[in-house]
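Worksheet: one structure, shown below.
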Amino acid sequence: MIKNLIATRLPLEHIAEKIKTLDMNTQIKQLIADLDVQHKVSTAQSRRATIMNMTNPHTGTITLHCTSVGNISIKALASNTASSQLYSVPGQSILFALDQPFEIQQYTLNTHQLEKTDTSIVDPCNPLIIDGNRTLFDYSQRGEKQPALIGRINFPDRSADISVFDPVSLRKTAWLPHDNSAARYLVSLELLETIEDPGVVRVAGELIYHYHPAVAWKAFQMLYRADPQNALSYVPLLKKRKDARLDNLLRPLELAA
Numbered sequence: 010m011i012k013n014l015i016a017t018r019l020p021l022e023h024i025a026e027k028i029k030t031l032d033m034n035t036q037i038k039q040l041i042a043d044l045d046v047q048h049k050v051s052t053a054q055s056r057r058a059t060i061m062n063m064t065n066p067h068t069g070t071i072t073l074h075c076t077s078v079g080n081i082s083i084k085a086l087a088s089n090t091a092s093s094q095l096y097s098v099p100g101q102s103i104l105f106a107l108d109q110p111f112e113i114q115q116y117t118l119n120t121h122q123l124e125k126t127d128t129s130i131v132d133p134c135n136p137l138i139i140d141g142n143r144t145l146f147d148y149s150q151r152g153e154k155q156p157a158l159i160g161r162i163n164f165p166d167r168s169a170d171i172s173v174f175d176p177v178s179l180r181k182t183a184w185l186p187h188d189n190s191a192a193r194y195l196v197s198l199e200l201l202e203t204i205e206d207p208g209v210v211r212v213a214g215e216l217i218y219h220y221h222p223a224v225a226w227k228a229f230q231m232l233y234r235a236d237p238q239n240a241l242s243y244v245p246l247l248k249k250r251k252d253a254r255l256d257n258l259l260r261p262l263e264l265a266a
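Okay, here's the thing in structure tokens:
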């Protein structure tokens, strides 16, 4: 059973070999069936909370099962999909195919920039092990192929932040903290921005003082889009933090000014 693969921490090579012997389509269908049974005995409110906790809007993944050491997730990949952002996945991952093979583009993770390296084909006989602390990966389903369903077993490194990169320039543009409080503020800012809330600039002006630099940076970006000249007046405040990541993100804007 696939759940046993993340019951305890096992060698990645052992898990990859086990995946080759399992019918992963059947295994994933069973995980989905188990979730359906759990939801039928829960309240509507708890079901909504569970669904929100299972889904990741940034990466488009749904987590089907998790333990203290890892999680199992799936992602539907449409044809000709282009990622708007590239996200690192700190920790180790094993990617596996379900309905059909898919292609993976790998990048070497540097502090402020990605370097494009290898492409790999993942199929039922060839799961792919990824060291997320050194490598970023992205999916792409090009051409006229049918949409692919992608499986992943992930053993996250919860001490590391998630880095965000631009897919064209490959430069780092932001990061997402594992700090729960900071993550909630980031999601709130993105929601306000998405619905074009008229109070978003006021909220960003308050959150630029947030203790976590990722939240302050997101608030600064929103202020900059609304009024670049006014936003630049906050640069001295942000530089007082002496945060290397924040300073590197601010540098191009300072030079452009």
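Per this note's numbering, the very first residue in the sequence shown carries number 10; after that it's consecutive. Glycine included, each C-beta is placed from N, C-alpha and C at the ideal position.
Alpha-carbon to alpha-carbon, residue j and residue i
| i | j | result |
| --- | --- | --- |
| SER242 | GLY214 | 12 angstroms |
| LEU219 | LEU123 | The amino acid occupying residue 219 in the given sequence is His; Leu does not appear at that position. Whole-angstrom Cα-Cα distance: 28 angstroms. |
| GLU205 | TRP226 | 19 angstroms |
| GLY69 | ALA157 | 13 angstroms |
| ALA191 | SER77 | 22 angstroms |
| GLN238 | HIS221 | 23 angstroms |
Selection from the options that minimises the alpha carbon distance to residue i
| i | options | result |
| --- | --- | --- |
| SER129 | PRO165, THR203 and PHE105 | PHE105 |
| ARG18 | MET33, GLY79, CYS75 and LEU185 | GLY79 |
| VAL173 | ILE41, VAL98 and PRO110 | VAL98 |
| CYS75 | ILE83, ASN34 and LEU198 | ILE83 |
| LEU73 | ALA42, HIS121 and THR126 | ALA42 |
| PRO110 | ASN135, LEU40 and TRP226 | ASN135 |
| TYR148 | ALA85, THR35, HIS219 and ILE37 | ALA85 |
| SER178 | SER190, LYS125, ASP132 and THR203 | LYS125 |
Residues near residue i by beta carbon distance below 6 angstroms, same chain, minus five either side
| i | result |
| --- | --- |
| ASP170 | TRP184 and PRO186 |
| ALA228 | ALA213, LEU216 and ILE217 |
| ASP127 | GLN115 |
| PRO165 | GLY100 |
| ARG167 | HIS187 |
| LEU232 | ALA213 and ALA240 |
| PRO133 | ALA106 |
Beta-carbon spacing of residue i, residue j below 8 angstroms
| i | j | result |
| --- | --- | --- |
| ILE162 | ILE71 | no |
| LEU21 | ILE159 | no |
| THR117 | ARG143 | yes |
| MET33 | LEU145 | no |
| LEU14 | LYS27 | yes |
8 angstroms Cβ shell around residue i - same chain, five flanking residues per side excluded
| i | result |
| --- | --- |
| THR182 | GLN94, VAL173, PHE174, ASP175 and LEU258 |
| LEU201 | GLY208, VAL209 and VAL212 |
Close beta carbons around residue i, own chain, < 7 angstroms, minus the five adjacent residues each side
| i | result |
| --- | --- |
| ALA235 | VAL210 |
| LEU64 | Here residue 64 is Thr; the residue named in the question, Leu, does not match the sequence. Excluding residues within five positions, the ones whose Cβ falls inside 7 angstroms are ILE71. |
| LEU247 | ALA225, PHE229, LEU255 and LEU259 |
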